[in-house]
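Working notes, structure below.
Number of protein chains: 2
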Amino acid sequence: MQEVAVQTPGGSYPIHIGPGRLDALTASVPADVTAIALVTNPVVGGLYGERVARALAASGKRVLRIELPDGEAHKDWSTLNLIFDALLENRLDRRCLLVALGGGVIGDMVGFAAAVYMRGVRFLQVPTTLLAQVDSSVGGKTAVNHPLGKNMVGAFYQPVGVEIDTDVLRTLPRREVAAGLAEVIKYGMILDADFFAWCEAHADALGALEPAAIAHAIARSCQLKAEVVGRDERESGERALLNFGHTFGHAIEAGLGYGAWLHGEAVGCGMIQAAELSARVAGLPRADVERVRALVRAIGCPELAPDLGAERWLSLMQVDKKTEGGQIRFVLLSAIGKSHTGPAPEAAVREVLAATCGKVDLAEAVAAHG
Amino acid sequence: MQEVAVQTPGGSYPIHIGPGRLDALTASVPADVTAIALVTNPVVGGLYGERVARALAASGKRVLRIELPDGEAHKDWSTLNLIFDALLENRLDRRCLLVALGGGVIGDMVGFAAAVYMRGVRFLQVPTTLLAQVDSSVGGKTAVNHPLGKNMVGAFYQPVGVEIDTDVLRTLPRREVAAGLAEVIKYGMILDADFFAWCEAHADALGALEPAAIAHAIARSCQLKAEVVGRDERESGERALLNFGHTFGHAIEAGLGYGAWLHGEAVGCGMIQAAELSARVAGLPRADVERVRALVRAIGCPELAPDLGAERWLSLMQVDKKTEGGQIRFVLLSAIGKSHTGPAPEAAVREVLAATCGKVDLAEAVAAHG
């Protein structure tokens, strides 16, 4: 087992990474907890629900099971309310513990439910997708979507711990592996050129979920993210770098309807677009743009962005949380491993859209990478 | 103008109390704010909306006006969502300022909207009811109701300031004055015997909104609350004392349907019940129970609790946030001005219910205090 420590003003906690963690969850249940709510979706619940409920019950606490409908399309208030209904009907009090067993959608929703149920209860992250393991479960960002924008309603709220079981990746669909790897290579692009080169050298091993390679990739990703979040929990500065590729990516997700592309797929494609923009406004060498493109392709993410029309693209990017006074702030690379935030002229953004969007059949584009 | 300072881990800010504050709001708008959303209800908006919008526009910022339906019955997610819709449609970003102009319902909802919109934006409290001025606008408790319980979904989130204009109380209905005074006398009961005695001596002046008396009552209430909240922002201990009368009061509100009784009316009545319970389990002298009862009556709050049936009463009190491991923790008095929290045997609670509930027509009981 590897351990990565997260230290933020909002709370300090350990991330445990290794095989068999699902059976070792009792150690992460605080002693004064009055009851536990295990929240998952039907797919993950069917695979691991019984086993995790047993592991939690070993703490001697009452375990309530809650199942939410699956998918980004359900990451909204009405689904969140299913959690509140169950907690209140079963009279879970302020000293309860919520456990999020699933991918990023479950983690974001359960985290937000914990942030606001009775003005805040504790929660434990047990991420079961690669993307959640290397990104969304670490750092305390929680949220639900709004029809006018992704993650528009949420909170910064830290868990009491993150338990990452590397065994569960074996049951992960191929597309989900690629989506998770998109966030892994992102850390190299924005923060660590050596790690980026390591990912290039191990792209096949990562795609094949080779145990030593994937464990190293998860641990290094969590470490890089923990360092950034420790210095800037509430995204007043440096943390915004983690959004590399996300302004484009969120527009893809919103433009096609949440769930058509996986978040990581949209980010993978969005990182190529952000690299193209960086070449135009931040001096990123053309050769580095091609390294970004090649690695996104190697891990199996879509390379061609959907053609939503330039006006719609610009409008969708505008509503993203990263605007300030109406101006979009992009994360830009000056080199692999060196990033900063800044504005970009609209003309440059239009050029990037013209160069990266394709008039291909969208369903086909997704299916081709499925 | 009087100023009371609030200092908590979640933020420090001033409370300004005095006549004419509505026209002096510009000073409370932080310089780096990108836009302002003024949120109110039709009644308060009709009386003061135009004037406050003008005062805010003097800051040179864009001012968006949002009107929410009036009343505790609308303090729910769907009303909250009207705020998010308006903010997103008008593209207010992370550096916007929300201004809550209204009573406790507006303050709680706008505060919670600020806590979770884009994971947290700033907000200013401009309370226009006496209850909101002396209680809910101070201390950062924000929330909406759930069908299974009041304030079940919310956050601890501090405003950037509180602006209390004492002039606006002139337009306040009689029932609202009584409801606000209930929270004023509460501070004396739990924390300050001298202030309680002062309230007894000035009950008529307070009911008549005599300027010097009401200004002193507001400032002293805010000061006592600020001291408690400064020591215990997130209600892990001492802050719970502020809930005196609230376990009974919340059961009245939920049992009759939110809005039938005003929150302060329910708390006024609930304080008599809590005093009766204190006499049975915490040694409160009978004479002090009668002083509590007499002052609740003098300020014009209901004295007789609704007869919901003992089982329903117990069930409604059980779902209150103040339970831990299934046991209700009551706020109890050992003397006027001396309070603590603790459990109470169910038999004593049943005795109190039998002694304080009346089989009167509920609509009539409310009307009689209208």
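Protein sequence lines, in the order shown, are assigned to chains D and C. Numbering follows UniProt numbering, with no gaps: position 99 of the first sequence is 99. Numbering follows UniProt numbering, with no gaps: position 108 of the second sequence is 108. Note that beta-carbon positions come from the ideal geometry of N, C-alpha and C, so glycine has one too. As the structure is a computational prediction, the values presented were derived from the model and not from experiment.
Beta-carbon contacts of residue i that lie in its chain and below 6 Å, excluding the five residues immediately before and after
i	result
Ala298/D	Ala203
Ile190/D	Leu241, Phe244, Ser339
Ala182/D	Gly264, Val267, Gly268, Cys301
Lys186/D	Phe244
Arg62/C	Ala35
Gly71/D	Gly259
Ala114/C	Leu98, Val121, Phe123
Leu353/C	Ala310, Trp313
Gly188/C	Phe195, Phe196, Cys199
Arg293/C	Ile272
Val168/D	Thr128
Distance, residue j Cα to residue i Cα
i	j	result
Pro306/C	Cys269/C	10 Å
residue 372/C	Val44/C	Since the first residue shown for chain C is 1 and the last is 370, residue 372/C is missing from the structure and cannot be characterised.
Gly107/D	Thr166/C	46 Å
Asn243/D	Ala27/C	35 Å
Gly161/D	Ser59/D	16 Å
Gly120/C	Gly103/D	24 Å
Pro345/D	Ala219/D	37 Å
Asp85/C	Leu277/C	46 Å
Arg312/D	Ala335/D	30 Å
Tyr117/D	Gly154/C	7 Å
residue 380/C	Val319/C	Lying before the first or after the last residue shown, residue 380/C is absent from chain C, which here runs from 1 to 370.
Val6/D	Pro159/D	10 Å
Ala31/D	Tyr157/D	21 Å
Glu134/D	Asp192/D	Looking at the sequence shown, residue 134/D is not Glu but Val. Using only the alpha carbons, I get a separation of about 15 Å.
Arg174/D	Met109/D	24 Å
Gly257/D	Pro9/D	35 Å
Leu172/D	Leu131/D	11 Å
Ala37/C	Ile83/C	9 Å
Ala347/D	Ala178/D	31 Å
Ile66/C	Trp261/C	26 Å
Ala208/D	Val296/D	15 Å
Ala275/D	Arg95/D	46 Å
Val105/D	Glu176/D	13 Å
Cutoff 8 Å; reference residue i; Cβ partners in own chain excluding five residues on either side
i	result
residue 406/D	In the structure displayed, chain D extends from 1 to 370; residue 406/D sits before or after that span and is not available.
Cys357/C	Leu304, Ala305, Pro306, Asp307, Leu308, Trp313
Glu238/D	Val228, Arg231, Asp232
Lys225/C	Val134, Asp135, Val138, Gly139, Tyr187, Leu242
Leu88/C	none
Val29/D	Ile36, Leu56, Ser59, Lys61, Leu97, Leu124
Status (buried if at least 16 other CB within 10 Å, exposed otherwise) for residue i
i	result
Asp194/D	exposed
Ala287/D	exposed
Ser12/C	exposed
Glu3/C	exposed
Phe1/C	Just to set this straight, residue 1/C is Met in the shown sequence, not Phe. So Met1/C ends up on the exposed side.
Arg170/C	exposed
residue 453/C	The question about residue 453/C has no answer, for chain C in this structure spans 1 to 370.
Gln327/C	exposed
Asn145/D	buried
Asn41/D	buried
Ala53/D	buried
Ala213/C	buried
Whole-number beta carbon distance between residue j and residue i, since they are thought to touch under 8 Å
i	j	result
residue 372/C	Ser136/C	Any answer about residue 372/C is impossible in this case: the structure gives chain C only from 1 up to 370.
Phe112/C	Thr142/C	4 Å
Leu316/D	Ala282/D	22 Å between Cβ atoms; not a contact.
Gly259/D	Ala100/D	In fact, because the Cβ distance is near 19 Å, the residues do not count as touching under 8 Å.
Gly342/C	Glu233/C	Rounded, the Cβ-Cβ distance is 22 Å, inconsistent with contact.
Phe248/D	Gln223/D	About 26 Å separates the two Cβ atoms, so there is no contact after all.
Beta-carbon neighbours of residue i, restricted to chain D and to distances below 8 Å
i	result
Trp77/C	Trp77, Asn81
Interface residues of chain D facing residue i [CB-CB closer than 9 Å]
i	result
His146/C	Asn81, Phe84, Asp85, Leu88
Own chain, CB closer than 7 Å to residue i, minus 5 neighbours either side, in chain order
i	result
Arg350/D	Ala310
Ala279/D	Arg286, Val289
Ala254/C	Gly149, Lys150, Leu316
His246/D	Val267, Gly270
Ile164/C	Ile15, His16, Ile17, Arg21, Pro127, Gln133, Ile218
Ile252/D	Trp261, Ala266, Cys269, Gly270, Ala305, Pro306
Residue i: contacting residues in chain C (beta-carbon distance under 7 Å)
i	result
Gly154/D	Val116, Arg119
Ala143/D	Arg119
Closer than 9 Å at the beta carbon, the chain C residues around residue i
i	result
Arg91/D	Gln318, Val319, Thr323, Gly326
Contact list for residue i against chain C, beta-carbon separation under 8 Å
i	result
Gly149/D	Leu88
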